[in-house]
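Protein chains in written order, with the working numbering: chain A, 25 to 382; chain B, 25 to 382; chain C, 25 to 382.
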Amino acid sequence: MNDVKTRDMTKESAGNFFEDFKLGQEIVHATPRTVTVGDVSLFTALYSSRFAVQSSDAFAQAIGYPVAPIDDMLVFHLVLGKTVPDISRNAIANLGYADLRFLKPVYPGDTLASTTEIIGLKENSNRKNGTVYVRSTGRNQRGEPVLSFARWVMVNKRDESSPAPEPHVPELIAQVEASRLGHALPMLNLEAYDYALAGSSKKWGDYQVGDKIDHVDGQTIEEAEHQLATRLYQNTARVHFNQHIEAQGRFKRRIVYGGHVISIARALSFNGLANAFHVAAINGGRHVAPSFAGDTIYAWSDVIDKAELPGRSDMGALRLRLFAVKDRNCADFPGRRADGSYEDGVVLDLDCWVALPR
Amino acid sequence: MNDVKTRDMTKESAGNFFEDFKLGQEIVHATPRTVTVGDVSLFTALYSSRFAVQSSDAFAQAIGYPVAPIDDMLVFHLVLGKTVPDISRNAIANLGYADLRFLKPVYPGDTLASTTEIIGLKENSNRKNGTVYVRSTGRNQRGEPVLSFARWVMVNKRDESSPAPEPHVPELIAQVEASRLGHALPMLNLEAYDYALAGSSKKWGDYQVGDKIDHVDGQTIEEAEHQLATRLYQNTARVHFNQHIEAQGRFKRRIVYGGHVISIARALSFNGLANAFHVAAINGGRHVAPSFAGDTIYAWSDVIDKAELPGRSDMGALRLRLFAVKDRNCADFPGRRADGSYEDGVVLDLDCWVALPR
Amino acid sequence: MNDVKTRDMTKESAGNFFEDFKLGQEIVHATPRTVTVGDVSLFTALYSSRFAVQSSDAFAQAIGYPVAPIDDMLVFHLVLGKTVPDISRNAIANLGYADLRFLKPVYPGDTLASTTEIIGLKENSNRKNGTVYVRSTGRNQRGEPVLSFARWVMVNKRDESSPAPEPHVPELIAQVEASRLGHALPMLNLEAYDYALAGSSKKWGDYQVGDKIDHVDGQTIEEAEHQLATRLYQNTARVHFNQHIEAQGRFKRRIVYGGHVISIARALSFNGLANAFHVAAINGGRHVAPSFAGDTIYAWSDVIDKAELPGRSDMGALRLRLFAVKDRNCADFPGRRADGSYEDGVVLDLDCWVALPR
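Rendered as structure tokens:
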């Protein structure tokens, strides 16, 4: 690892600006974090996810896990949260995700830490800001990668007169090939998988490309809830926490962490996808509009592809577009129009692979 | 178990309606749940219960528990919560509870699952809805019953023209006989029970039938709090979570889960009943009026009976009417009038047996 | 221990009034409490503290801890919380703290209990209330002291005509000598201390007396958050919880527990003091003004002294004035004026010793 960036030119930090990033630079993020059953309980209190594998040690052990694994999205939030003080504290916008893959299961007691490589830089023509492309990796206490993803954010410059770096835009894949899925999924004994306890008899084979699934329920977000969530992830992006500043901002309000909305939608998706207990990959995601306290989030899924998983006959993958929609139920499947615009209320368009028993 | 009901005629579920239930049917509810110290901490943060046995491993071990047992009401909320998606998701009203008994202690690491038998059905004369009587049982990972209770709920019909089932109203006992109490209470070494640490020197013998105890303090409910609680219990009743729908409803607001109010009242009851660390049974309960965010809950107890516990001299039982009252302190013991109506502010009338050292 | 006070002259308790306290009296407080990883997760969700030692078992073990220790302020809140029902339930004001020292590390699984000695009493000339001086001690399940502190509170009399006690004002030290610090800090292997993971390369030697450090970020407080926190600590002071009463009070609102503000400020101080992972002592503290839901808390630190720790070359101490300020960022270091008054917005002035690697 060369050119390790220190975060403390002064003792306190206002975060990095566009000109602080250098192509190829690797950043070790602060504050490794041991994940515990306490985090699991809070995650349940925040989203009420009901996937049996993550909820029950007994269920997980019956099918071959040593203990209930940590919810994939909790792993994502923790790994991402560590990158925020260095990468996106001064971000104007989170522009996208790509090639997000879960690589190892995480269990209570594991300690997660994050590193990020700067894989692209491109100053905008306004010279006020630019896009930073990164690949972040979460590792456990044995140094094994558990999660890897690319993302790109628009970051302000500290000084408009700073020279622009050589532009470099990395090639980012639009979807994770099914052949690369499944690394975080141990071989499972599905003989012991109890479909009544799991909440549905529907398996991989029961879903078809083109299926649209309304997840029915809605969840209203409170300020205290999204703040508790985002602090749990040690994510320091100030737009989520500081009403004193946000009252002067564009929305006059704190903005809900986009990952909070993802987790609400994922938890709601249990109703209709009860056996899709594992998120194998995220191909891309777009926070179509911000969410605020008081919004009620609904969700629906569009099954856009199906695939076998390499070398295994126990589990299969579905590629979903998971839409979160605010203050509007999803019986009519509000999504993206042919012209690329979104229907009213859509706040999230997430393209992901989930795995479920065959 | 015959006639197991599946929850997925379609992939997603809108819950069961009155005509979906059949007498004698048994339902295996989804999502077994491992209870952990994380749940215990959240329960403390939600209610601040101060019973020493549940708060301290050291205290519990001194008197003979392997470790601090899980609070009885947390066990109840978890077992009940699992039944909601199948039983009461479309309930108009929770009409009552009966014969609720705790049967085994639950410890961190235990996994709870729930099943329900339909024990009665009676369509209402309006033909729009009917009463469903059920007995639900919570079991641990060894299949041992830890909690059993009857309840009855009014549920809408999907289709008013559906034929009415043969009416069957089960006999439900009005009170649990003292001879059936105590199964969840191991034999204890009360020599080691430290009354100073427990918070009071008052034992079973110090209470008399007719005692009225004001629990003094009040707790104001916030939206985020009751939502966190109810999600922690994986209870999906939408009236608690969905302001987008409830804004159009009768109250214009989300309704607080009745069990949340029970747990507030139970926690407040520490002040006056500090040694009544175990709820042995609930004879019946009535949510007299709904509670909402912003309400301040007070509580008081009326000692209506006393009993020895079968085969043991260490512990005795008090039968309490535990009243929760909103926005009114309980110095004047507001309860039920002679005509059966309730005094202003009463939201809960819970008839229960608690156990305390003799 | 002589003259143990019982809390239950009646079964319920309205707390102690000024005339209930006696010089030399020792009070055993109710409800020992096992601290768990569940509490740690809630603490993270409430404050988002990012000190690596408390966040990561792996980090803590590398430098010589058996496991990540419990955050010092969580220990303080739990030990203090137990004293509230007996000491400060009827307090009009928390007047001050002195000589607060952490004496042993606390780990998940430890059980904390508190005792208090009455070390001073002085009735006010108005005869309506008086000052009670106490020394409280928190002990673990082995009876080892983990925390000791003096505090003094103004408490109402039950009856103005009660005779005044002989006045006794104890001598309280204005600062903990550095020679008395470090008892809760095991000898550490700082070879293994990873400054990149800790979030800063700044060590003890990099700070100078006179340094002023803006901690940059702000945190907006929600009602649900401070209530969850204060209940987690089993602190029963009613001003924090009961809007029904407080609506009639001086502020018309619930008052945020002062310790909640301390923990927000302490967590914010990570930005600028990332290696100051241990609070060794609190010399004194003043809640300059109350905080309420909706306030945004910022913080800054003034380095007012430096000291070596007795008998060790691995760690050193900084004496800080940690100021919390509401609805005002701290770039201009708002603090105390020469005339002793405070600048606008200051809510907390905490004088403490923190320890960090040399």
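All C-beta atoms in this analysis are idealised placements derived from N, C-alpha and C, irrespective of residue type, glycine included.
Since the model is a prediction, treat every value here as computed from it, not as a measurement.
Exercise for the section: Could you tell me which uninterrupted alpha helix (DSSP H) segments, each at least 4 residues in length, are contained entirely in the stretch 195-278 of chain C, listed from first to last along the chain? Expected result: 219-222, 247-256, 267-270
Problem - K106 of chain A to G162 of chain A span [Cα, whole Å] - result: Against the first sequence, residue 106 of chain A aligns to sequence position 82. Against the first sequence, residue 162 of chain A aligns to sequence position 138. Computed Cα separation, rounded: 9 Å.
Problem - 8 Å Cβ cutoff, Y366 of chain A in contact with chain C - result: Position 342 of the first sequence, counted from the first residue, corresponds to residue 366 of chain A. Not one chain C Cβ lies under 8 Å of Y366 of chain A.
Handout entry: Check whether L221 of chain B and A117 of chain B have beta carbons under 8 Å apart
Key = In the second sequence, the residue the question calls residue 221 of chain B occupies position 197. In the second sequence, the residue the question calls residue 117 of chain B occupies position 93. No. Outside cutoff.
Practice task
Return the CA-CA distance between L119 of chain C and R175 of chain C, expressed in angstroms with no decimal places.
Solution key: The sequence position of residue 119 of chain C within the third sequence is 95, counting from 1. The sequence position of residue 175 of chain C within the third sequence is 151, counting from 1. So the two alpha carbons sit approximately 7 Å from each other.
Exercise for the section: State the Cα-Cα distance for the pair Q49 of chain B and S79 of chain A, rounded to the nearest angstrom. Expected result: Taking the second sequence and counting its residues from 1, one reaches residue 49 of chain B at position 25. Taking the first sequence and counting its residues from 1, one reaches residue 79 of chain A at position 55. The alpha-carbon atoms of Q49 of chain B and S79 of chain A are separated by roughly 26 Å.
Exercise for the section: Could you tell me which of B:Y89, B:P93, B:I288, B:N150 sits nearest to L372 of chain B, measuring between CA atoms? Expected result: Residue numbering aside, residue 372 of chain B sits at position 348 when the second sequence is read from its first letter. Ranking the options by Cα distance to L372 of chain B, first place goes to B:I288.
Exercise for the section: Determine whether the Cβ of L66 of chain A lies closer than 8 Å to any Cβ atom of chain B. Expected result: Here the question's residue 66 of chain A lines up with position 42 in the first sequence. L66 of chain A counts as touching chain B.
Handout entry: DSSP-derived helix/strand/coil call for D81 of chain B
Key = Numbered from its first residue, the second sequence carries residue 81 of chain B at position 57. Collapsing the DSSP output to three states places D81 of chain B in a helix.
Practice task
Reducing DSSP to helix, strand and coil, say where R361 of chain C ends up.
Solution key: Here residue 361 of chain C refers to the residue found at position 337 when the third sequence is read from its first residue. In this structure, R361 of chain C counts as coil in the three-state DSSP scheme.
Exercise for the section: Quick one: measure Cβ to Cβ for I142 of chain B and F45 of chain B, integer angstroms, because I've assumed they're closer than 8 Å. Expected result: Position 118 of the second sequence, counted from the start, is the residue given in the question as residue 142 of chain B. Position 21 of the second sequence, counted from the start, is the residue given in the question as residue 45 of chain B. With 8 Å as the limit, I142 of chain B and F45 of chain B qualify as a contact, their Cβ atoms being about 5 Å apart.
Exercise for the section: Compare the C-alpha of V158 of chain B against each of B:I111, B:V59, B:F265 and name the closest. Expected result: Here the question's residue 158 of chain B lines up with position 134 in the second sequence. Closest by alpha carbon: B:I111.
Handout entry: Contact check, L342 of chain B vs K330 of chain B, beta carbons under 8 Å
Key = The residue given as residue 342 of chain B occupies position 318 in the second sequence. The residue given as residue 330 of chain B occupies position 306 in the second sequence. Yes, the Cβ-Cβ distance between L342 of chain B and K330 of chain B is below 8 Å.
Exercise for the section: Measuring alpha carbon to alpha carbon, tell me which of A:R290, A:Q251, A:L256 ends up nearest R277 of chain A. Expected result: Position 253 of the first sequence, counted from the start, is the residue given in the question as residue 277 of chain A. The candidate whose alpha carbon is nearest that of R277 of chain A is A:Q251.
Practice task
Report the residues of the stretch 293-314 of chain A with a CB closer than 8 Å to any CB of chain B, ordered along the chain.
Solution key: In summary, the residues of the stretch 293-314 of chain A whose CB is separated from some CB of chain B by less than 8 Å are N295, G296, L297, A298, in the order they occur in the chain.
Handout entry: Exposed unless 16 or more other CB atoms sit within 10 angstroms - verdict on E190 of chain C
Key = Taking the first residue of the third sequence as position 1, residue 190 of chain C is located at position 166. Flag for E190 of chain C reads exposed.
Exercise for the section: Determine which residues of the stretch 38-67 of chain A have a Cβ less than 7 Å from any Cβ of chain C, and write them out in chain order. Expected result: A38, V52, A54, T55, P56, R57, T58, T60, V61, G62, D63, S65, L66
Problem - Coarse secondary structure for V303 of chain A, derived from DSSP in three states - result: As a position in the first sequence, residue 303 of chain A is number 279, starting the count at 1. Residue state, collapsed to three classes: strand.
Practice task
Can you grab the Cα-Cα spacing for the pair Y71 of chain C / R255 of chain A, in whole Å?
Solution key: Numbered from 1 along the third sequence, position 47 holds the residue referred to as residue 71 of chain C. Numbered from 1 along the first sequence, position 231 holds the residue referred to as residue 255 of chain A. Approximately 7 Å, taken between the alpha carbons.
Handout entry: Residue-chain proximity (F83 of chain B, chain C), Cβ-Cβ < 8 Å
Key = Looking up residue 83 of chain B in the second sequence gives position 59. Yes, F83 of chain B lies at the interface with chain C (some Cβ there is under 8 Å from its Cβ).
Exercise for the section: Count the other CB atoms, across all protein chains shown, that sit within 10 Å of the CB of K152 of chain B; report buried if there are 16 or more and exposed otherwise. Expected result: Counting from 1 along the second sequence, the entry for residue 152 of chain B is found at position 128. Classification of K152 of chain B: exposed, given that the 10 Å Cβ count is below 16.
Handout entry: DSSP-derived helix/strand/coil call for L385 of chain C
Key = The question about residue 385 of chain C has no answer, for chain C in this structure spans 25 to 382.
Practice task
Indicate whether G296 of chain B and I245 of chain B have their beta-carbon atoms separated by less than 8 Å.
Solution key: On the second sequence, position 272 is the one that residue 296 of chain B refers to. On the second sequence, position 221 is the one that residue 245 of chain B refers to. Contact: no.
Handout entry: The alpha helix (DSSP H) enclosing V99 of chain B, as first and last residue numbers
Key = Residue 99 of chain B sits at position 75 when you count from the first residue of the second sequence. Residues 96-111.
Handout entry: Environment of S185 of chain A [buried if 16+ CB atoms lie within 10 Å]
Key = To locate residue 185 of chain A, count along the first sequence from 1; it is residue 161. The residue is exposed, with fewer than 16 neighbouring Cβ atoms inside 10 Å.
Practice task
Give the straight-line distance between the Cα atoms of A379 of chain C and M97 of chain C, rounded to the nearest whole angstrom.
Solution key: Position 355 of the third sequence, counted from the first residue, corresponds to residue 379 of chain C. Position 73 of the third sequence, counted from the first residue, corresponds to residue 97 of chain C. For A379 of chain C and M97 of chain C, the distance between alpha carbons rounds to 14 Å.
Handout entry: Assigned exposure category for G154 of chain B - 16 Cβ within 10 Å defines buried
Key = Stepping through the second sequence from its first residue, residue 154 of chain B is reached at position 130. With 16 or more Cβ atoms within 10 Å of its Cβ, G154 of chain B is classed as buried.
Problem - Where D351 of chain A meets chain B, residues with beta-carbon distance less than 8 Å - result: For the purposes of this step, residue 351 of chain A is taken as residue 327 along the first sequence, with counting starting at 1. Those are H268, listed as they occur along chain B.
Handout entry: Rounded separation between E367 of chain B and R361 of chain B - CA only
Key = Position 343 of the second sequence, counted from the first residue, corresponds to residue 367 of chain B. Position 337 of the second sequence, counted from the first residue, corresponds to residue 361 of chain B. If you take the alpha carbons of E367 of chain B and R361 of chain B, they lie about 7 Å apart.
Problem - Among C:T260, C:A313, C:W324, C:V179, the one whose alpha carbon lies nearest that of D356 of chain C - result: Mapped onto the third sequence, residue 356 of chain C falls at position 332. Cα-wise, what sits closest to D356 of chain C is C:W324.
Problem - Boundaries (first-last residue) of the beta strand (DSSP E) holding R175 of chain B - result: The count along the second sequence starts at 1 and reaches residue 175 of chain B at position 151. Looking at the DSSP string, the run of the beta strand (DSSP E) that includes R175 of chain B is 169-180.
Problem - C-beta neighbour in chain C for L252 of chain A, strict 8 Å - result: On the first sequence, residue 252 of chain A is found 228 positions in, with the first residue counted as 1. So, interface residue.
Practice task
Answer yes if the stretch 264-278 of chain C comes into contact with the stretch 255-264 of chain B, meaning at least three C-beta pairs across the two stretches below 8 Å, and no otherwise.
Solution key: Two segments are said to touch when three or more pairs of C-beta atoms, one from each, lie closer than 8 Å; by this definition the stretch 255-264 of chain B does not touch the stretch 264-278 of chain C.
Handout entry: Within chain A, partners of R74 of chain C - CB distance below 7 Å
Key = Translated into positions along the third sequence, residue 74 of chain C becomes position 50. What R74 of chain C touches in chain A: A54, T55, Q258.
Problem - Contacts that Q165 of chain A makes with chain C (C-beta to C-beta distance below 7 Å) - result: As a working note, residue 165 of chain A is residue 141 in the first sequence. Within chain C, the residues near Q165 of chain A are A82.
Practice task
Check the Cβ-Cβ distances between T135 of chain A and every residue of chain C, and say whether any is below 8 Å.
Solution key: Residue 135 of chain A sits at position 111 when you count from the first residue of the first sequence. It does: the Cβ of T135 of chain A has a partner Cβ on chain C nearer than 8 Å.
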